[in-house]
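Novice: Counting from 4, one number per residue, gives the positions in the first sequence under the numbering used here. Yeah, the Cβ is synthetic: ideal placement off N, Cα and C, and Gly gets one too.
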Amino acid sequence: MHGVATFVESKKKAVSKEFLSGLSEVQLQAVENYKGPTLVIAGAGSGKTRVLTYRIANMLADGVNPHSVLSLTFTNKAAAEMKERIKSVVGEKAKYLWMGTFHSIFARILRTEADKLGYPSTFTIYDTTDSRSVLKSIIKEMNLDEQVYKVNEVHSRISLAKNNLVTPAAYANSSSLVTVDAANRRPRIADIYKKYMQKCYLSGAMDFDDLLLNTNVLFRDHPDVLNKYQSIFSYILVDEYQDTNMAQYLIVKKLSEQHKNLCVVGDDAQSIYSFRGAKIENILNFRNDYPEYQLFKLEQNYRSTQTIVNAANSIIQKNSKQIKKNAFSAKEVGDRIKVLKAYTDQEEGFLVAGAISDLLYREHCEYLDFAILYRTNAQSRIFEDALRKKNIPYKIYGGLSFYQRKEIKDMVAYLRLIINHSDDEAFKRIVNYPARGIGDTTLSRLEEAAAANNTNIWTIVTQAPLDKVGLKGAAIKKLGEFAELIQGFQASIYTENAYDFALTVATQAGIIKDLKEDKTNEGISRFENLEGLFNGIKEFEENAKESGEPLPITIDRFLENVALLTDADSEKPEDKNKVSLMTVHSAKGLEFKHLFLVGLEENLFPGQMTSQSQEDLEEERRLFYVAVTRAEVSATISYAQTRYKWGNVTSCVPSRFIKEIDSSYVDWNEDSLFGTSSHSTASSSNSYNLQGFKAKAGSVSAQRTVAPTPQHRPASVISDPADMTEVEVGMEVEHERFGFGKVEALEGTAPEIKATVNFTVAGTKTLLLKFAKLRIVKR
DNA sequence: CGGCCCCGCGTTTTT
DNA sequence: CGCGGGGCCG
4 MHGVATFVES KKKAVSKEFL SGLSEVQLQA VENYKGPTLV IAGAGSGKTR VLTYRIANML
64 ADGVNPHSVL SLTFTNKAAA EMKERIKSVV GEKAKYLWMG TFHSIFARIL RTEADKLGYP
124 STFTIYDTTD SRSVLKSIIK EMNLDEQVYK VNEVHSRISL AKNNLVTPAA YANSSSLVTV
184 DAANRRPRIA DIYKKYMQKC YLSGAMDFDD LLLNTNVLFR DHPDVLNKYQ SIFSYILVDE
244 YQDTNMAQYL IVKKLSEQHK NLCVVGDDAQ SIYSFRGAKI ENILNFRNDY PEYQLFKLEQ
304 NYRSTQTIVN AANSIIQKNS KQIKKNAFSA KEVGDRIKVL KAYTDQEEGF LVAGAISDLL
364 YREHCEYLDF AILYRTNAQS RIFEDALRKK NIPYKIYGGL SFYQRKEIKD MVAYLRLIIN
424 HSDDEAFKRI VNYPARGIGD TTLSRLEEAA AANNTNIWTI VTQAPLDKVG LKGAAIKKLG
484 EFAELIQGFQ ASIYTENAYD FALTVATQAG IIKDLKEDKT NEGISRFENL EGLFNGIKEF
544 EENAKESGEP LPITIDRFLE NVALLTDADS EKPEDKNKVS LMTVHSAKGL EFKHLFLVGL
604 EENLFPGQMT SQSQEDLEEE RRLFYVAVTR AEVSATISYA QTRYKWGNVT SCVPSRFIKE
664 IDSSYVDWNE DSLFGTSSHS TASSSNSYNL QGFKAKAGSV SAQRTVAPTP QHRPASVISD
724 PADMTEVEVG MEVEHERFGF GKVEALEGTA PEIKATVNFT VAGTKTLLLK FAKLRIVKR
């Protein structure tokens with residue numbers, strides 16, 4: 004062993020390290036010093052991926068065995084790209100690196116070690132839909148009020164617990180958790196949690212959180228297994244460390260104990276996943292965990308203009324929690340950040356699409372130079388419509404993933420059930436698809452019996468006397484046929500190619516016939532989606548063959564990671580040169596020449612749930628920071644004054660974040676950007692704009708002290724919650740339509756405060772302050 | 001048991 | 001507005 008290592012070591016001098024020549028001094032340092040605990044604080048656009056890539060490439064060039072390097076990334080796509088880049092530097096051996104997301108890497112390890120935890124190695128990974136469905140049936144089974152025990156909220160409580168390694172028993176004993184639940188009148192969450200874990204276990208299933216939780220359990224209860232992986236992984240690298248949660252933190256900590264070659268890379272300013280349990284403290288406390296650590300700060304931004312970097316700095320400075328760093332750009336100063344005001348959400352789409360086609364024409368840009376980023380997926384539609392009208396090609400990331408579509412989930416459920424008969428969610432999904440006369444009544448009998456006998460549905464169907472379960476002859480016969488159908492595939496799972504196998508299943512189960520029969524547009528598109536899945540299987544098969552894996556490439560291999568796949572992992576080449584539409588969250592790590600950041604309104608960005616607490620608001624601000632720092636050359640921010648929400652028009656207030664950008668980096672010339680009249684179908688009245696925003700914008704730091712302009716009176720329109728509390732009985736106010744009046748009464752609490760106002764002309768009206776746009780005339 | 005219709009509810013964000 | 005769930009009827 005030693006001899007080989009020495010031989011490889013001695014060869015290293017011969018290996019060309021030309022690839023290091025383009026690095027800056029500090030980047031080079033971070034690449035070359037790959038031993039010992041290392042923290043790399045990498046500001047936005049500072050070449051973080053480069054450092055990570057070359058750090059690994061450099062190790063491999065020095066003779067480090069790729070099998071001993073574990074590199075954890077945030078998305079599968081990031082992992083694949085990094086692997087590709089390393090391959091191009093050091094060659095084929097890069098493919099032996101352990102590189103992937105926490106979830107996919109540890110799912111792999113858990114499959115290998117499954118028996119130690121009492122799971123089958125073929126365990127199913129439940130996605131969010133599956134988890135919710137399980138919880139829903141538990142809540143029903145326990146006769147709890149579904150209005151009080153809302154599935155989503157129960158799920159996030161359980162998820163929170165799992166991410167913090169709190170077992171059901173510990174949950175019941177945790178006074179802080181129990182207190183919160185009691186306050187929400189949900190005292191039985193710990194019981195639900197317990198049942199949920201049992202049900203998943205009986206179904207041979209792990210949810211996303213279990214992949215991390217059970218890895219911890221595995222390492223805690225099986226020191227030999229821990230020791231094995233500690234020895235395997237001589238070098239561990241973690242990207243986006245600021246977004247790791249407790250469970251992930253502990254996995255990394257334990258695994259790196261032996262070799263202590265742990266390198267974490269991240270940027271506290273870009274921590275945006277606390278809603279799913281990420282702990283910004285992990286990166287802030289790294290120095291306490293490893294006092295002997297080396298620190299590298301990548302502060303130069305190679306991506307964006309000075310204006311964008313400085314603007315972004317001015318935003319993030321408003322946050323209290325952060326590691327000090329001095330992000331700067333040596334690129335050109337660049338244009339100021341433009342602000343677009345739209346009267347409606349539709350017009351916002353129109354303006355943005357117009358601005359894009361304008362830039363395309365003026366600046367020789369390509370479609371791929373543009374991105375439109377929004378806070379919530381629901382906003383995409385407007386921009387799709389606007390871009391389509393202008394014949395601008397676009398692609399959407401996120402939203403309903405391919406694998407979430409019904410027809411795909413149905414097909415996958417067949418495969419899941421065939422490979423893991425215990426998978427109750429898969430069973431429930433397909434037992435009557437295509438329709439074979441097995442209805443709700445039969446299914447709930449089976450579920451009850453399974454719960455009563457502490458087992459899964461499949462066991463009941465195949466082993467219990469079904470007449471005792473309360474089922475009749477016809478139902479029993481149909482169930483028998485279904486079970487036979489599923490069992491019939493058993494023999495060829497591990498002998499047939501994945502594609503052929505799946506096709507047989509789809510045919511024999513009647514899925515293909517069912518989809519072909521539907522001649523509606525949706526039916527056709529569902530069939531095409533299924534074809535897409537089959538193409539995906541074929542592609543998987545070909546890739547596996549190419550990398551020399553043992554034949555045949557079987558369906559279980561494909562299925563292993565399906566739940567962890569996202570659309571971003573499989574971009575089609577024809578989609579390359581298109582405008583990108585995505586949420587700010589999914590834009591993390593990406594960059595675009597020209598960036599459009601849309602929907603900058605209170606209660607949208609920052610979101611309505613988040614402007615309450617200081618912590619949530621700081622996370623929203625980091626999200627805003629992430630968004631702005633995606634831009635290389637130009638950034639444009641837009642907001643609408645009215646927007647459709649749940650089918651109703653609501654009026655919107657520009658986001659506080661716009662005002663937080665240092666005004667010297669912002670171009671407020673909202674109206675003259677594209678000519679004044681060409682687009683303004685809805686802009687006949689501009690009383691809105693005069694009242695609303697410009698006057699405030701002038702005084703960036705002064706919160707609510709607005710300098711009156713001669714023409715237009717003080718513009719403190721009462722529409723954000725902070726301002727509402729200023730209204731008092733007896734004040735004189737002005738309303739757009741009703742004119743002047745006096746406040747006679749107030750009721751409710753912000754933001755739902757109602758005011759009764761006696762208007763001089765219009766008479767007495769009761770108005771919701773958040774919509775009424777009242778202006779205080781005399782206090 | 002299956003299909004249709006109506007009602008109610010929701011929107012952060014993702015592995 | 002769009003989806004999913006529940007209820008009702010054939």
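Quickly, what does DSSP pair phenylalanine 236 with across the bridge? List them, please.
Specialist: Its beta-bridge partners do not exist; DSSP assigns none.
Novice: Might you give, ordered along the chain, the residues of its own chain that have their beta carbon closer than 6 Å to the beta carbon of arginine 529, omitting 5 neighbours on each side?
Specialist: Only Glu410 and Leu518 meet the Cβ criterion.
Novice: Can you tell me whether asparagine 291 is buried or exposed? The criterion is at least 16 other CB atoms within 10 Å of its CB, across all chains shown.
Specialist: Exposed, because fewer than 16 other Cβ atoms sit within 10 Å of the Cβ of asparagine 291.
Novice: In chain order, what residues of the same chain lie with their CB nearer than 6 Å to the CB of methionine 102, ignoring the 5 residues before and after it?
Specialist: Cβ within range, chain order: Ser74, Ala82 and Lys86.
Novice: Tell me the residue span of the beta strand (DSSP E) that contains tryptophan 649.
Specialist: Note, tryptophan 649: premise wrong, no beta strand (DSSP E); not H, not E.
Novice: Check valine 780 in the structure and name its three-state DSSP category.
Specialist: In the structure shown, valine 780 sits in a strand (DSSP, three-state: E or B).
Novice: Answer yes or no: do threonine 52 and phenylalanine 77 have a C-beta to C-beta separation smaller than 8 Å?
Specialist: Taking 8 Å as the Cβ cut-off, threonine 52 and phenylalanine 77 do not qualify as a contacting pair.
Novice: Under a three-way DSSP split, which group does threonine 462 fall into?
Specialist: Reduced to three states, the DSSP call for threonine 462 is helix.
Novice: Only counting the same chain, and skipping five residues up and downstream in sequence, which positions put a Cβ closer than 7 Å to that of alanine 60?
Specialist: Only Phe22, Ile89, Val92 and Val93 meet the Cβ criterion.
Novice: Starting from aspartate 443, trace the alpha helix (DSSP H) in both directions and tell me its first and last residue.
Specialist: It spans 443-455 - the alpha helix (DSSP H) in which aspartate 443 sits, taken as one unbroken run.
Novice: How is the beta strand (DSSP E) around asparagine 322 delimited, first residue to last?
Specialist: Taken as a continuous stretch (DSSP letters only), asparagine 322 belongs to no beta strand (DSSP E), as it is neither H nor E.
Novice: Cα separation between alanine 685 and tyrosine 276?
Specialist: For alanine 685, the pLDDT reaches just 35, beneath the cut-off of 50, and the residue's location in the model is therefore unreliable, although a value from the coordinates is still provided. The alpha-carbon atoms of alanine 685 and tyrosine 276 are separated by roughly 38 Å.
Novice: Below 8 Å CB to CB, which residues in the same chain sit around leucine 215 once its five sequence neighbours on both sides are set aside?
Specialist: Counting only Cβ-Cβ distances below 8 Å, and skipping sequence neighbours, we find Phe105, His106, Phe109, Lys165, Asn166, Asn248, Ala250, Gln251 and Ile254.
Novice: Starting from glutamine 511, trace the alpha helix (DSSP H) in both directions and tell me its first and last residue.
Specialist: 501-511 is the extent of the alpha helix (DSSP H) around glutamine 511.
Novice: Just the C-alpha distance for alanine 175 and glutamate 735, rounded to the nearest angstrom, thanks.
Specialist: One C-alpha to the other measures close to 54 Å.
Novice: Is serine 680 helix, strand or coil when you go by DSSP?
Specialist: In this prediction, serine 680 scores a pLDDT of 33, lower than 50, which makes its location untrustworthy; the coordinate-derived value is nonetheless stated afterwards. Note: serine 680 maps to coil in three-state DSSP.
Novice: Should glutamate 428 and isoleucine 385 be called a contact, given that it needs their Cβ atoms to be closer than 8 Å?
Specialist: Taking 8 Å as the Cβ cut-off, glutamate 428 and isoleucine 385 do not qualify as a contacting pair.
Novice: In its own chain, which residues sit with a C-beta less than 6 Å from the C-beta of alanine 590, not counting the 5 before and 5 after it?
Specialist: Closer than 6 Å at the Cβ level, and outside the excluded window around alanine 590, lie Leu376 and Arg633.
Novice: Relative to the alpha-carbon of proline 657, which residue among Leu607, Tyr244 and Ile44 has its alpha-carbon at the smallest distance?
Specialist: When each option's Cα is compared against that of proline 657, the closest is Leu607.
Novice: When the Cβ atoms of the segment 561-568 are set against those of the segment 404-418, are three or more pairs found closer than 8 Å?
Specialist: Flag = yes, the segment 561-568 and the segment 404-418 touch.
Novice: I'd like to confirm the pairing. Which residues does DSSP put opposite phenylalanine 537 in its beta bridges?
Specialist: Paired residues: none, contrary to the question.
Novice: Using DSSP with H/G/I as helix, E/B as strand and the rest coil, what is serine 675?
Specialist: No answer about serine 675 holds up, because its pLDDT of 36 lies below 50 and its placement is not dependable.
Novice: With H, G and I counted as helix, E and B as strand and the rest as coil, what does DSSP make of glutamate 737?
Specialist: DSSP places glutamate 737 in strand when its eight states are reduced to three.
Novice: Decide if alanine 643 is buried, meaning its Cβ has at least 16 other Cβ atoms within 10 Å, or exposed.
Specialist: Classification of alanine 643: buried, given that the 10 Å Cβ count is 16 or more.
Novice: Among residues of its own chain, excluding the 5 on either side of tyrosine 628, which ones have a beta-carbon nearer than 8 Å to its beta-carbon?
Specialist: Once the five neighbours on either side are set aside, the close Cβ partners of tyrosine 628 are Ala47, Ala272, Gln273, Ala315, Ile318 and Ile319.
Novice: Near lysine 670, what residues of its chain come up, given a Cβ to Cβ distance below 6 Å and the 5 sequence neighbours on each side ignored?
Specialist: According to the sequence shown, residue 670 is aspartate rather than lysine. Contacts found: Arg339 and Lys341.
Novice: Hey, how far is the Cα of isoleucine 460 from the Cα of tyrosine 129?
Specialist: Rounded to whole angstroms, isoleucine 460 to tyrosine 129 spans 16 Å at the Cα level.
Novice: When the Cα atoms are used, what is the spatial distance from isoleucine 266 to threonine 41?
Specialist: Note that residue 266 is cysteine in the sequence shown, not isoleucine. Distance between the alpha carbons of cysteine 266 and threonine 41: 5 Å.
Novice: Give me whichever residues DSSP pairs with threonine 632 in a beta bridge.
Specialist: None, per the DSSP bridge assignment.
Novice: What does a CB cutoff of less than 7 Å around aspartate 426 pick up in its chain, not counting 5 residues either side in sequence?
Specialist: Cβ within range, chain order: Thr127, Ser206, Gly207, Ala208, Arg419 and Leu420.
Novice: Report the rounded CA-to-CA distance for serine 234 versus leucine 240, giving the unit in angstroms.
Specialist: Looking at the two C-alpha atoms, the distance is approximately 15 Å.
Novice: Please classify threonine 586: does DSSP put it in a helix, a strand, or coil?
Specialist: Threonine 586 falls in the strand class under three-state DSSP.
Novice: Three or more C-beta pairs closer than 8 Å, one from the segment 151-158 and one from the segment 184-193: is that the case here?
Specialist: Output reads yes: the segment 184-193 touches the segment 151-158.
Novice: What is the rounded straight-line gap between the Cα of phenylalanine 299 and the Cα of leucine 598?
Specialist: Cα to Cα, phenylalanine 299 sits roughly 29 Å from leucine 598.
Novice: When the Cα atoms are used, what is the spatial distance from lysine 256 to glycine 491?
Specialist: Taking the straight line from one Cα to the other gives about 46 Å.
Novice: Return the Cβ separation of asparagine 495 and phenylalanine 485 in integer angstroms, given the expectation that the two are a contact with Cβ distance under 8 Å.
Specialist: It is serine, not asparagine, that sits at residue 495 in the sequence shown. Actually they are not in contact, since the Cβ atoms of serine 495 and phenylalanine 485 sit about 18 Å apart, beyond 8 Å.
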